[in-house]
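S.K.: Numbers 1 to 156, taken from the UniProt record's numbering, label the letters of the sequence shown in order.
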Amino acid sequence: MALFVGKHLNKIDKKGRTSVPKPFRASFETQNFRGMYAYPSFKFPAIAACDETFMTVLADSLTAETDFFSDDQDDLAAVILESASQLSFDTEGRVILPQELLEHAGITDQALFVGRGREILIWEPGAYEAHAKQAFSRAKAAKRTLKLRVSPEDLQ
Numbered sequence: 001m002a003l004f005v006g007k008h009l010n011k012i013d014k015k016g017r018t019s020v021p022k023p024f025r026a027s028f029e030t031q032n033f034r035g036m037y038a039y040p041s042f043k044f045p046a047i048a049a050c051d052e053t054f055m056t057v058l059a060d061s062l063t064a065e066t067d068f069f070s071d072d073q074d075d076l077a078a079v080i081l082e083s084a085s086q087l088s089f090d091t092e093g094r095v096i097l098p099q100e101l102l103e104h105a106g107i108t109d110q111a112l113f114v115g116r117g118r119e120i121l122i123w124e125p126g127a128y129e130a131h132a133k134q135a136f137s138r139a140k141a142a143k144r145t146l147k148l149r150v151s152p153e154d155l156q
């Protein structure tokens, strides 16, 4: 499964094409198809993107973590699976972001690719900056910490 970190700003042309940052693209190219899955983030005004392995994890989680035929399962399937697009890379490493995804995120001429571990969020740069400041303030005020899922010996 890919690991995405960092931020990369790229232009979007009139056709909705943008280059996927090379460090991210390299992670996507280890799967069955040369591309990525993209869908509207239901939490943020952004486009979520992931590799095929993580999309499969999301699909499996819908079955394992929600009651079959429940409204929760239907809602999440509609937001994630039904709204997802499989975006193939062209020879230059670009994808065409669908217009409905661009509108959802308010993206026009620039896209900020932000690594979030197992997925990428693609933001309108100004919206991301506002979000990042709020997230930093909330985490600092709440004195957030992480529990490591490895033993100290694994870090040596």
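For every residue, glycine included, the Cβ atom is placed at its ideal position computed from N, Cα and C.
For L9, I'd like the list of residues in its chain whose CB is within less than 7 angstroms of its CB, leaving aside the five on either flank, ordered along the chain.
M.R.: Only Q110, L112 and P125 meet the Cβ criterion.
S.K.: With burial defined as no fewer than 16 other Cβ atoms inside 10 Å of the residue's Cβ, what is the status of residue 170: buried or exposed?
M.R.: Coverage of the chain is limited to positions 1 through 156, which leaves residue 170 absent and any answer about it impossible.
S.K.: Any contact of the region 20-39 with the region 137-150, i.e. 3+ C-beta pairs under 8 angstroms?
M.R.: As far as the Cβ criterion goes, the region 20-39 does not touch the region 137-150, which means the pair count is below three.
S.K.: Looking only at DSSP bridge pairs, what is Q86 linked to?
M.R.: Beta-bridge pairing links Q86 to Y37.
S.K.: With 16 as the cutoff for other CB atoms within 10 Å, does D74 come out buried or exposed?
M.R.: Counting Cβ neighbours within 10 Å, D74 comes out exposed, since fewer than 16 surround it.
S.K.: Exposed or buried, what is E119 when buried is set at 16 or more other beta-carbons lying within 10 Å of its beta-carbon?
M.R.: Counting Cβ neighbours within 10 Å, E119 comes out buried, since at least 16 surround it.
S.K.: Who are the Cβ neighbours of L87 in its own chain at under 6 angstroms, not counting the five residues just before and after it?
M.R.: Cβ within range, chain order: G35, M36, A38 and V95.
S.K.: Closer than 9 angstroms, CB to CB, is A127 near chain B or not?
M.R.: Annotation note: the requested chain B is absent from the structure, which comprises a single protein chain.
S.K.: Go ahead and label T91 buried or exposed: buried means 16 or more other beta carbons lie within 10 angstroms of its beta carbon, across all protein chains shown.
M.R.: When all chains shown are included, T91 counts as exposed.
S.K.: Apply the 10 Å Cβ neighbour rule to G115 and answer buried if 16 or more other Cβ atoms are within range, or exposed otherwise.
M.R.: Buried, by the Cβ-count rule.
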